[in-house]
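Let me begin by presenting the structure, written as structure tokens, before commenting on it.
In this note's numbering, the protein residues as written are -18 to 60.
Structure below.
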């Protein structure tokens, strides 16, 4: 996986797209930090239900107190 700067991606987009169509993957960086991944398009949806459940379990365990949905709604209305 090759890294390219945002400027390089902008100036060489057509070349990058040809390489991506051929199966290559690029990480686009901004000021040296990765911000995006340019990958070949796939019609297939890659979803693993077990992985989704594990993510939800991690989120639930990371919340230390009970969540009050009314508080979230009221907080959202302030914005």
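From the three backbone atoms N, C-alpha and C, an ideal C-beta is built for every residue, glycine too.
- For residue -10, the uninterrupted alpha helix (DSSP H) segment begins and ends at -13 to -8.
- Between the stretch 12 to 26 and the stretch -14 to 3, the count of Cβ pairs shorter than 8 Å is three or higher; the stretches touch.
- Beta-bridge pairing by DSSP links residue 8 to -16 and 18.
- With contacts defined by Cβ atoms closer than 8 Å, residue -6 and residue -15 do not form a contacting pair.
- Assignment of residue 49 by DSSP, reduced to helix, strand and coil, places it in the coil class.
- For a cut-off of 8 Å, the C-beta gap from residue -18 to residue 8 is around 6 Å, short enough to register as a contact.
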